[in-house]
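Colleague:
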Amino acid sequence: MPLIILSYLINYLGQYLLRTVLRHRHSSRFSSPLTDLSHDYPLPDRSNLGNARTLNSDKPGESLVETLKLSGMRYNIVVAIFFITYVLFEFPSTFLMKKFTPSRWLSRIMVTWGIVTICSAAVKSYTGLIIARLALGVAEAGFFPCCLYLFTFWYKADERATRMAWFAASVAVSGAFGGVIATGVSYLSGKGNLFGWQWLFILEGIPAVIVGVIVWFALPDWPETATFLNEEERAFAMARLGDGAPRSTDAHFNRADFFATIKSWQFYAFAVAYFFMANSLNAFGYFGPTIIKNLGYHGAKAQLMTVPPNIVAFFVILANAMHSDRTRERPKHIIAGLLFVGLGYILLATVKTTGVRFFAVCCIASTNAAVMPFVAWRASTVQGATSTAIATAFTVAFSNSAGAVAPFLFIAKDGPDYTKGNWTCFAMLGAAVVIVMGLWYSYGASSQYQTHAKIDDGKDDVADEEAEVGQVRTVAKDPKTSTGTDEEQDLEK
1 MPLIILSYLI NYLGQYLLRT VLRHRHSSRF SSPLTDLSHD YPLPDRSNLG
51 NARTLNSDKP GESLVETLKL SGMRYNIVVA IFFITYVLFE FPSTFLMKKF
101 TPSRWLSRIM VTWGIVTICS AAVKSYTGLI IARLALGVAE AGFFPCCLYL
151 FTFWYKADER ATRMAWFAAS VAVSGAFGGV IATGVSYLSG KGNLFGWQWL
201 FILEGIPAVI VGVIVWFALP DWPETATFLN EEERAFAMAR LGDGAPRSTD
251 AHFNRADFFA TIKSWQFYAF AVAYFFMANS LNAFGYFGPT IIKNLGYHGA
301 KAQLMTVPPN IVAFFVILAN AMHSDRTRER PKHIIAGLLF VGLGYILLAT
351 VKTTGVRFFA VCCIASTNAA VMPFVAWRAS TVQGATSTAI ATAFTVAFSN
401 SAGAVAPFLF IAKDGPDYTK GNWTCFAMLG AAVVIVMGLW YSYGASSQYQ
451 THAKIDDGKD DVADEEAEVG QVRTVAKDPK TSTGTDEEQD LEK
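Written out as structure tokens, the structure is:
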């Protein structure tokens, strides 16, 4: 997972909170130590196995596949094996973040996975790569759900899709730069008695260690402990989130909230829908470069041609998420994103023209355009630290099990068109659409969901707004115990 997402995370946590405080408190005396840390500098970190597979493939005896003998199904197994330890350790990792604080835990994750990535350059065999991938799964486990979980402590429900979209769009930007970097790294093959893929692992692992150390000191943990705000501003930052938002003072684990959350059928429906979407994410991440190579591009050009799909994805992801937040609507935007990606799989399965197939790859690269409104919607349907943590961790962990499935949808014997895999991914996206429609109806028809109060942009008044079907502002809440304008009461206190 590209390191750039941490730089965006740090940048926007600081910048957005400051903008909100400035807007409502009319003060200009604050400055954040975070805003200069990243400035959108793209640093790819977790080794891109997809790029490594095609790197120097035009030079006999220098590619990853040839040097480690990854013929047949071996590459697919290497891809899938990572997700075994990644999924197993995702649950405990998400809960441990709150216990050890985000700055400490995310720093630990980044430093350890950077070290494992660097060490992966030393593997000499297929077995060694399997062991390295298992270790990488342990090191990186929980990173994505921890970041999503952290967002719920800082942003209101109708702000999260845009913040998460920047988070995901940074993945696309990093993927684009990853293609450029891989192109340059291909010329290092043979230098220092190392192959190009070994240099790629080393150069992607070092920044993770460096930025992991910076995160330890620079990442703000919670709004109530932010050192760049005074006491009054910290109180305001917490009050604006409303009564149902998770707090750092919540119990690390509440048994009653845990069982109440897992009893809901929606708990499992969200996870299954995300599983279907994740197959598309993994298909592009690990097989996108191979599909592009099979369009007729070779050598360094094959690496460079991975850049345009990621650039397209960057804009599509942001546009869909921003409009979703602006309209305070989720299901329609999720479905629109899924249909756009589904179009890509149909074109790949039925059309042979190179230009059309390349456009289809651009569509598939935009899967996160549907995923980010989806995870924002999921987080808005629960409240409290325990419920938010378990809902986020389970949904993401279950979806990551798709990483053990997707590699076997694109097996070598089905290449270069991978028709079977393309139709399977399209069917999974169709199933996700059906589940999203069911959830949309469920939350729209249920009387147990109502809204938090909100602070209108640029205004000091607080107003309640009724939630419509599928709107982001819905949260699981008992109307009998609701006091309506929760945030207004918090602000008065």
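For the sequence shown, full-length UniProt numbering begins at 1 and goes up steadily by one.
We put the beta carbon where it would ideally sit given N, CA and C, even for glycine.
Quick check: Glu90 and Ala321, are their CB atoms within less than 8 Å of each other?
Modeller: Numbered from 1 along the sequence shown, position 90 holds the residue referred to as residue 90. Numbered from 1 along the sequence shown, position 321 holds the residue referred to as residue 321. No, Cβ-Cβ distance for Glu90 and Ala321 is not below 8 Å.
Colleague: Taking the beta carbon of Ile109 as the centre, do at least 16 other beta carbons fall within 10 Å, making it buried, or is it exposed?
Modeller: As a first step, residue 109 must be located in the sequence shown, where it is residue number 109. Per the 10 Å Cβ criterion, buried.
Colleague: Can you list, in chain order, the residues of its chain with a C-beta nearer than 6 Å to that of Trp197? Leave out the 5 residues immediately preceding and following it.
Modeller: Counted from its first residue, the sequence shown places residue 197 at position 197. Only Ala52, Leu55, Leu64 meet the Cβ criterion.
Colleague: Using the C-alpha atoms, what's the distance from Ile77 back to Ser103?
Modeller: Residue mapping note: residue 103 aligns to position 103 of the sequence shown, counting from 1. Residue mapping note: residue 77 aligns to position 77 of the sequence shown, counting from 1. One C-alpha to the other measures close to 33 Å.
Colleague: Which first and last residues belong to the alpha helix (DSSP H) in which Asp417 is found?
Modeller: Translated into the one-based positions of the sequence shown, residue 417 becomes position 417. Taken as a continuous stretch (DSSP letters only), Asp417 belongs to no alpha helix (DSSP H), as it is neither H nor E.
Colleague: Just confirm the distance between the C-beta atoms of Val123 and Thr261, as a whole number of angstroms; I'd bet it's less than 8 Å.
Modeller: One-based indexing of the sequence shown puts residue 123 at position 123. One-based indexing of the sequence shown puts residue 261 at position 261. 41 Å between Cβ atoms; not a contact.
Colleague: Would Ala283 pass as a contact of Phe82 if the rule is Cβ separation under 8 Å?
Modeller: The residue given as residue 283 occupies position 283 in the sequence shown. The residue given as residue 82 occupies position 82 in the sequence shown. No, Cβ-Cβ distance for Ala283 and Phe82 is not below 8 Å.
Colleague: Taking only the alpha-carbon atoms, compute the straight-line gap between Arg326 and Ala365 and give it to the nearest angstrom.
Modeller: Working through the sequence shown from its first residue, we reach residue 326 at position 326. Working through the sequence shown from its first residue, we reach residue 365 at position 365. Arg326 and Ala365: Cα-Cα distance of roughly 24 Å.
Colleague: Check whether the segment 334-354 touches the segment 184-202, taking contact to mean three or more Cβ pairs, one atom from each stretch, closer than 8 Å.
Modeller: No: fewer than three Cβ pairs fall under 8 Å.
Colleague: Over what stretch of residues does the alpha helix (DSSP H) that includes Met73 continue unbroken?
Modeller: Translated into the one-based positions of the sequence shown, residue 73 becomes position 73. Where Met73 is concerned, there is no enclosing alpha helix (DSSP H), given that its DSSP letter is neither H nor E.
Colleague: Roughly how many angstroms separate the alpha carbons of Phe408 and Tyr418, rounded to a whole number?
Modeller: Counting from 1 along the sequence shown, the entry for residue 408 is found at position 408. Counting from 1 along the sequence shown, the entry for residue 418 is found at position 418. C-alpha separation (whole angstroms): 11 Å.
Colleague: Straight-line CA distance for Thr388 to Leu68?
Modeller: Position 388 of the sequence shown holds residue 388. Position 68 of the sequence shown holds residue 68. Whole-angstrom Cα-Cα distance: 42 Å.
Colleague: Can you tell me which of Thr183, Leu70, Arg240, Leu219 puts its alpha carbon nearest to the alpha carbon of Tyr126?
Modeller: Numbered from 1 along the sequence shown, position 126 holds the residue referred to as residue 126. Cα-wise, what sits closest to Tyr126 is Leu70.
Colleague: Rank Phe276, Asn294, Thr350 by C-alpha distance to the C-alpha of Thr395 and give the top, closest one.
Modeller: In the sequence shown, the residue the question calls residue 395 occupies position 395. Thr395 has its Cα closest to that of Phe276, out of Phe276, Asn294, Thr350.
Colleague: Taking the alpha carbon of Val371 as the reference point, which residue from Ala271, Asp257, Val307 has its own alpha carbon closest?
Modeller: Position 371 of the sequence shown, counted from the start, is the residue given in the question as residue 371. That would be Ala271, whose Cα lies nearest to the Cα of Val371.
Colleague: Whose CA, out of Ala182, Leu96, Lys156, lies closest to the CA of Ala141?
Modeller: Residue mapping note: residue 141 aligns to position 141 of the sequence shown, counting from 1. Ranking the options by Cα distance to Ala141, first place goes to Leu96.
Colleague: Rounded to a whole number of angstroms, what is the C-alpha to C-alpha distance between Gly179 and Val436?
Modeller: In the sequence shown, counting from the first residue as 1, residue 179 sits at position 179. In the sequence shown, counting from the first residue as 1, residue 436 sits at position 436. The straight-line gap from Cα to Cα measures roughly 33 Å.
Colleague: DSSP state of Phe195, grouped into three classes?
Modeller: Within the sequence shown, residue 195 is the residue found at index 195, counting from 1. The answer is coil: DSSP assigns Phe195 none of H, G, I, E or B.
Colleague: Say yes only if the C-beta of Pro220 is nearer than 7 Å to one or more non-hydrogen atoms of the ligand MG, and no if none qualify.
Modeller: The ligand MG is absent from the structure shown, which contains no ligands of any kind.
Colleague: Taking the beta carbon of Phe217 as the centre, do at least 16 other beta carbons fall within 10 Å, making it buried, or is it exposed?
Modeller: For this step, residue 217 is matched to residue 217 along the sequence shown. Phe217 should be labelled exposed.
Colleague: Quick check: what's the CA-CA separation for Ala398 versus Phe359?
Modeller: Here the question's residue 398 lines up with position 398 in the sequence shown. Here the question's residue 359 lines up with position 359 in the sequence shown. Checking the sequence shown, residue 398 turns out to be Phe, not Ala. Their backbone Cα atoms lie some 30 Å apart in a straight line.
Colleague: Using the Cβ count rule (16 or more neighbours within 10 Å means buried), how would you classify Tyr268?
Modeller: Position 268 of the sequence shown holds residue 268. Counting Cβ neighbours within 10 Å, Tyr268 comes out exposed, since fewer than 16 surround it.
Colleague: Are the CB atoms of Val361 and Pro416 nearer to each other than 8 Å?
Modeller: On the sequence shown, position 361 is the one that residue 361 refers to. On the sequence shown, position 416 is the one that residue 416 refers to. Cβ atoms of Val361 and Pro416: not closer than 8 Å.
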